[in-house]
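According to numbering that gives the first Met the number 0, the stretch in the sequence shown is residues 0 to 313, in order.
Just below is one structure, and these are the notes that go with it.
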Amino acid sequence: MDLVDALSPLDCCPHFVMVVGKGGVGKTTVSILLAMELGSRGKTVLLSLDPARHLSRYLKLAGETGEIDRGIHVRQVSVEREVERIASQYADFLRELMPSLSVLNLDSAVDALKYSPGVEEEVLLRKLEEALTSGYDYVVVDTPPTGVTLRTLALPRLYMVWLGKLIEVRERIVSLRYVIARTLGRKAEVRDRALLKLYEMRSRFEALERALSSESRTSYVIVATPEPLPMHELRESVGFLKSRLGVRPKLLVLNKVLPEGLAAALGQLDAQRGFLEELRSYGASYALVEYLGRPTESISDIRELRNKVRVWRP
Ligand SMILES: Nc1ncnc2c1ncn2[C@@H]1O[C@H](COP(=O)(O)OP(=O)(O)OP(=O)(O)O)[C@@H](O)[C@H]1O
Ligand SMILES: [Mg+2]
0 MDLVDALSPL DCCPHFVMVV GKGGVGKTTV SILLAMELGS RGKTVLLSLD
50 PARHLSRYLK LAGETGEIDR GIHVRQVSVE REVERIASQY ADFLRELMPS
100 LSVLNLDSAV DALKYSPGVE EEVLLRKLEE ALTSGYDYVV VDTPPTGVTL
150 RTLALPRLYM VWLGKLIEVR ERIVSLRYVI ARTLGRKAEV RDRALLKLYE
200 MRSRFEALER ALSSESRTSY VIVATPEPLP MHELRESVGF LKSRLGVRPK
250 LLVLNKVLPE GLAAALGQLD AQRGFLEELR SYGASYALVE YLGRPTESIS
300 DIRELRNKVR VWRP
C-alpha cells in the first residue's frame with residue numbers, strides 16, 4: 000500500500016495535503032514522497048515554506064520553481080519576498096482608497112509591517128488561498144514549524160469573525176453617508192470600494208476555511224521520529240486539529256525508524272516500540288519510514304526510500 004492510499008477520500012480540486020511536524024523530522028522528505036505518488040494521479044504541486052530551503056538540496060530550482068520528475072511542480076516560497084510583495088500591494092491599495100493618507104508616512108508603516116509578528120502565518124495563508132484557484136489537483140504543503148502552521152490554520156476562522164465586525168461598521172458608515180447625501184440633495188454613492196474589498200476577503204476566507212476543515216478536501220499528515228519531543232508535537236497537533244478545526248489526521252508517519260536489531264543494539268528498541276504503539280492508538284492510518292542509513296541527499300535517495308515505507312490502514 001502507498002502513502003496516498005491512506006489519504007482517501009481525496010476530493011479535489013485542489014486537495015491539500017498538509018505535512019506537519021517538528022523541525023528536522025522529515026517533513027520535506029515525506030512531502031516529496033507524497034508528491035511523487037500524487038503526481039501519477041493528477042497535476043501536483045509541492046509548496047514549501049521551509050526556511051531552511053532543504054528542497055533545493057534535492058532539486059535544481061531555477062529561482063523559486065522547479066520540477067520533480069513526471070511534471071510534478073515545486074514552489075519554494077521565500078517568506079521575505081512575499082512579505083515585500085504583500086506590503087507594497089497593501090500600500091498601493093490604501094493610497095488609492097484614501098489619498099488623504101499621505102499625511103501618514105505609509106512607507107514606514109509598511110516597512111514596520113515586514114517585521115511584525117505573524118507575517119509568516121499571513122504568507123502561508125495567502126499561498127494556500129492562491130493554491131485554491133491554481134488549477135492543481137493536489138497541493139502538497141511542506142509546512143514551516145508546527146506553531147506557525149497551527150496558528151495559520153486557525154486564522155481563517157478568526158479573520159471571518161473580525162471581518163464580520165468590520166463589515167458591520169463599514170455598512171453603517173456607508174448607509175449613513177447615503178442618508179446624509181440624500182438629505183443634502185447630493186448624489187449618493189452606494190458603491191463603496193472598502194466594503195467590496197471586505198466582502199471579497201470574507202468570501203475568500205470562507206472558501207479556504209471550508210477546504211481546510213473538510214476531511215475530503217484536506218489531508219493532514221503528521222510526521223514524527225521515534226523521539227520524545229517530536230512525539231510530543233505530534234500529540235499536540237492531533238489535539239489542535241480536533242479542537243480547533245474539528246478534523247482528524249489522515250496519516251501519522253514515524254520516520255527514521257531503525258531496524259529492530261539496530262534499535263536493540265542502541266538500547267532504543269523499547270522506546271521505538273512504545274512510540275509505535277502510541278501511533279496505533281490514534282486509530283488513524285500510519286506509516287513507518289525506515290532510516291536510510293545515511294541522510295537523504297538526492298532525489299534518487301528519496302526513490303530508494305520509497306522501498307522503505309510501510310503503510311497500515313485501521
Ligand atoms: N528516512 C530517512 N532516512 C535518512 N535520512 C532522512 C530520512 N528522513 C529524513 N532524513 C534526513 O533528515 C534530515 C531532515 O529531513 P527533512 O529536511 O526532510 O526534515 P524537515 O522536517 O523538513 O526539516 P526542517 O524542519 O528543517 O524543514 C535531512 O538531512 C534528511 O536528509
Ligand atoms: Mg523541511
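In this text, a Cβ means the ideal position worked out from N, Cα and C, and glycines have one as well.
Where the alpha helix (DSSP H) through residue i begins and ends
i	result
Met35	26-38
Asp141	Asp141 -> not in any alpha helix (DSSP H); beta strand (DSSP E) instead, spanning 137-141.
Gly163	145-182
Ala262	259-264
Gly70	That residue, Gly70, is in no alpha helix (DSSP H); it is neither H nor E in DSSP.
Val246	First-last for Val246: undefined, no H or E at that position.
Ser55	54-57
Ser299	298-305
Boundaries of the beta strand (DSSP E) in which residue i is found, first to last residue
i	result
Leu251	250-256
Ser284	284-289
Thr64	64-67
His14	14-20
Tyr281	Counting along the chain, Tyr281 falls outside any beta strand (DSSP E), and DSSP gives it neither H nor E.
Arg309	308-311
Leu45	43-47
C-beta contact flag for residue i and residue j at 8 Å
i	j	result
Ala130	Lys113	no
Met200	Leu154	no
Glu119	Val73	no
Asp10	Arg216	yes
Val138	Pro13	yes
Val220	Met17	yes
Ala75	Glu83	According to the sequence as given, residue 75 is Gln; it is not Ala. No, these two residues do not count as a Cβ contact at 8 Å.
Val310	Asp4	yes
Gly38	Gly70	yes
Pro258	Ser284	no
Leu197	Arg234	no
Thr142	Lys26	yes
Tyr135	Val44	yes
Val122	Leu48	yes
Pro248	Leu240	yes
Arg305	Leu32	yes
Glu208	Val246	no
Thr28	Ile298	no
Tyr152	Leu96	Here residue 152 is Leu; the residue named in the question, Tyr, does not match the sequence. Contact flag unset, no.
Ser174	Leu6	no
Ala187	Ala193	no
Lys126	Leu58	no
Arg56	Glu276	no
Taking contact to mean at least 3 C-beta pairs separated by less than 8 Å, is the region 146-164 in contact with the region 21-35? no
Could you tell me whether the region 224-244 touches the region 270-290, using the rule of 3 or more Cβ pairs below 8 Å? yes
Is there contact here, the region 240-256 with the region 287-294, by at least three beta-carbon pairs under 8 Å? yes
If you scan the region 88-130 from start to end, which runs of the alpha helix (DSSP H) of 4 or more residues do you find wholly inside it? 105-113
The region 194-211 in contact with the region 158-175 per 3-pair CB rule at 8 Å: yes
Length at least 3, wholly inside the region 187-239: the beta strand (DSSP E) runs in chain order: 217-223
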